[in-house]
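Residue numbers (the UniProt record's numbering): 1 to 498.
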């Protein structure tokens with residue numbers, strides 16, 4: 001556990017569980033996207049089953065828009081899916097009732113729009129467009145982000161069938177992440193319900209352990225609740241709310257306590273993490289979510305010749321028909337069935353935010369009338385649509401988990417020296433003496449070889465001067481003339497020498 005004087009606040013991404021607002025739909029929108037929404041057949045005729053459900057849902061205006069008898073679409077018109085999602089999605093200036101960070105008022109301008117599989121979403125403290133990262137000086141509630149949202153359930157699309165854009169829930173989906181990785185809220189977010197105040201306590205954890213790979217898992221895109229989805233993530237990491245976000249429902253105040261987690265893995269050969277930069281034209285920092293989004297984008301471009309609205313790049317965005325016939329089925333297959341294509345390595349450095357959630361009911365009986373009057377709504381509307389979300393650090397510290405090498409060269413040499421000293425009394429001096437002994441042996445061998453090459457050669461029979469010299473020398477030393485010293489069996493001296 002590492003204590004800090006201040007800490008950078010994470011990025012918070014959230015999405016409304018409803019993709020399209022009913023009141024913003026036009027006849028043109030329904031004509032071009034009704035097949036995608038499972039309202040129309042490919043020939044633009046209305047499905048009787050869907051029409052019957054709509055007539056019972058008090059959405060008579062929507063039923064009137066489905067009358068295409070007098071509608072003639074423009075020739076050569078191509079739907080701009082990005083523009084349509086941005087226009088039909090829930091607008092933050094309408095949803096955001098109150099916002100505070102460390103007690104200071106904030107507005108919708110402090111949020112950055114971002115597109116995910118939930119359509120138009122919003123990120124707080126994204127660090128984009130040159131904005132500095134916000135920091136917090138204390139832990140606990142009141143020292144983080146607190147927002148009050150109206151999820152606008154009256155704008156939810158009626159449920160007439162099961163599609164990827166159908167929402168069965170009311171609330172939001174949230175993901176808390178570092179600024180270095182994109183949000184992946186559809187798979188990593190958590191839900192926050194209306195009618196509650198939800199508290200999320202966060203803790204930063206810095207981990208360096210054995211490496212691992214991200215395994216793809218299934219996420220049911222059919223939503224049964226009302227509300228928004230939220231993800232806490234780093235500014236350099238894209239939002240992945242579909243898998244990583246959590247939900248926030250109206251009618252509750254939700255508290256999210258978080259702690260930063262910093263993970264440090266070892267590269268090969270000690271570990272199996274990815275230490276090289278990401279090979280992507282969309283992201284500069286490698287992260288698992290960035291790798292997944294990059295891979296999914298390339299997969300759709302290869303199979304559908306288009307990309308989804310939330311995917312990066314400048315390629316052609318899929319039309320509603322391409323969403324229905326190719327993009328949604330292809331991406332669902334990739335997430336749910338194909339375990340070989342988009343398998344991303346763990347980065348050697350990453351930041352995660354552990355979180356704890358708690359919630360209380362909102363509004364209380366004592367505050368219902370006040371809130372209804374304040375926002376010019378009914379008490380029933382307040383209970384069905386209003387939620388409060390508090391996100392703060394549990395304490396001003398972060399958890400650091402670091403992977404270490406199990407055995408290094410210095411440790412190996414130290415262990416060898418210790419074992420030698422323990423069992424045979426050897427030390428560095430002993431090793432030096434061994435080398436000195438080997439040097440002396442080598443020197444003696446070398447000098448002996450040189451001296452043997454310099455010994456006098458046996459003289460010829462016709463030249464006895466050498467023999468005479470040796471005989472004279474032996475006489476002076478007192479040896480018997482016919483015997484060598486210490487060689488009694490060799491015979492006469494003259495025979496040995498000559």
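Using N, Cα and C, we set each Cβ at its ideal position, and we do this for glycine too. If you're wondering where the values come from, they're calculated on a predicted model, not measured in any experiment.
How far does the beta strand (DSSP E) with residue i in it extend, from its first residue to its last?
i           : result
residue 124 : 119-124
residue 112 : 111-116
Hey, how far is the Cα of residue i from the Cα of residue j?
i           : j           : result
residue 499 : residue 22  : Given that the chain is displayed from residue 1 to residue 498, the structure contains no residue 499 and the question cannot be resolved.
residue 98  : residue 233 : 22 Å
residue 320 : residue 18  : 17 Å
residue 296 : residue 328 : 11 Å
residue 132 : residue 25  : 37 Å
residue 413 : residue 404 : 18 Å
residue 45  : residue 33  : 12 Å
residue 442 : residue 408 : 35 Å
residue 366 : residue 102 : 26 Å
residue 81  : residue 15  : 18 Å
residue 2   : residue 188 : 26 Å
residue 381 : residue 402 : 49 Å
residue 116 : residue 416 : 57 Å
residue 176 : residue 370 : 32 Å
residue 51  : residue 68  : 14 Å
residue 79  : residue 268 : 48 Å
residue 375 : residue 341 : 50 Å
residue 92  : residue 157 : 18 Å
residue 63  : residue 322 : 25 Å
residue 173 : residue 406 : 41 Å
residue 350 : residue 130 : 22 Å
residue 100 : residue 39  : 41 Å
residue 66  : residue 191 : 33 Å
residue 109 : residue 4   : 29 Å
residue 438 : residue 418 : 24 Å
residue 111 : residue 360 : 25 Å
Would you kindly check if the distance between the Cβ of residue j and the Cβ of residue i is under 9 Å?
i           : j           : result
residue 317 : residue 306 : yes
residue 197 : residue 390 : yes
residue 330 : residue 304 : yes
residue 201 : residue 8   : no
residue 182 : residue 289 : yes
residue 20  : residue 37  : yes
residue 61  : residue 88  : no
residue 346 : residue 274 : yes
residue 105 : residue 96  : no
residue 90  : residue 169 : no
residue 333 : residue 145 : no
Near residue i, what residues of its chain come up, given a Cβ to Cβ distance below 6 Å and the 5 sequence neighbours on each side ignored?
i           : result
residue 114 : 121, 123, 239
residue 6   : 135, 137
residue 445 : none
residue 280 : 294
residue 395 : 139
residue 143 : 102, 136, 392
Per DSSP, residue i forms a beta bridge with which residues?
i           : result
residue 294 : Looking at the DSSP assignment, residue 294 forms no beta bridge with any residue, so it has no partner.
residue 397 : 3
residue 148 : 98, 388
residue 307 : 317
residue 8   : 135
residue 502 : Shown here, the chain extends from 1 to 498; a query on residue 502 therefore has no answer.
residue 416 : Its beta-bridge partners do not exist; DSSP assigns none.
residue 239 : 183
residue 349 : 264
residue 233 : 11
residue 409 : The partner list for residue 409 (beta bridge, DSSP) is empty, contrary to what the question assumes.
residue 46  : 40
residue 274 : 347
residue 288 : Beta-bridge pairing links residue 288 to no other residue.
Near residue i, which residues of its chain fall below 7 Å by C-beta distance, leaving aside the five closest residues on each side in sequence?
i           : result
residue 291 : 278, 344
residue 313 : 282, 297, 307
residue 301 : 307, 315
residue 529 : A question about residue 529 goes unanswered here, because the residues of the chain that appear run from 1 up to 498.
residue 542 : Coverage of the chain is limited to positions 1 through 498, which leaves residue 542 absent and any answer about it impossible.
residue 309 : 81, 82, 85, 115, 317
residue 324 : 35, 36
residue 71  : 27, 31
Return the first residue and the last residue of the alpha helix (DSSP H) that residue i is part of.
i           : result
residue 83  : 81-88
residue 336 : 328-336
residue 376 : Note, residue 376: premise wrong, no alpha helix (DSSP H); not H, not E.
residue 31  : 27-33
residue 63  : 60-65
residue 186 : 185-188
CB-CB under 8 Å to residue i, same chain, minus the five flanking residues each way: which ones, in chain order?
i          : result
residue 94 : 150, 152
residue 73 : 28, 31, 32
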